[in-house]
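Residue numbers (my numbering): 4 to 77.
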């Protein structure tokens, strides 16, 4: 995929404008990442949720997703 992107950059007008390329990639990344609430969350809050104990009283969806993935992969 990286080689294909490099060929595309070399043969298109996008390769002639590196600042525009960076802005396009940044905008695309922001649009794709915004719906994920964990990418918008403060880093210290995310780390706290990742390392805190999980249980029935836990209100975050993070534990539910991890728990689901563990049971699906068994």
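C-beta atoms are modelled at their ideal positions from N, C-alpha and C, and glycine is treated no differently.
The structure displayed is predicted, hence computed values, not measured ones.
Cβ distance (whole Å) where residue i is taken to contact residue j below 8 Å
i: residue 17; j: residue 24; result: 5 Å
Whether residue i touches residue j by CB criterion (7 Å)
i: residue 36; j: residue 29; result: no
Separation of residue j from residue i, as counted between CA atoms
i: residue 10; j: residue 45; result: 37 Å
i: residue 26; j: residue 48; result: 28 Å
i: residue 4; j: residue 12; result: 12 Å
i: residue 54; j: residue 7; result: 39 Å
i: residue 20; j: residue 40; result: 32 Å
i: residue 15; j: residue 33; result: 23 Å
i: residue 22; j: residue 38; result: 26 Å
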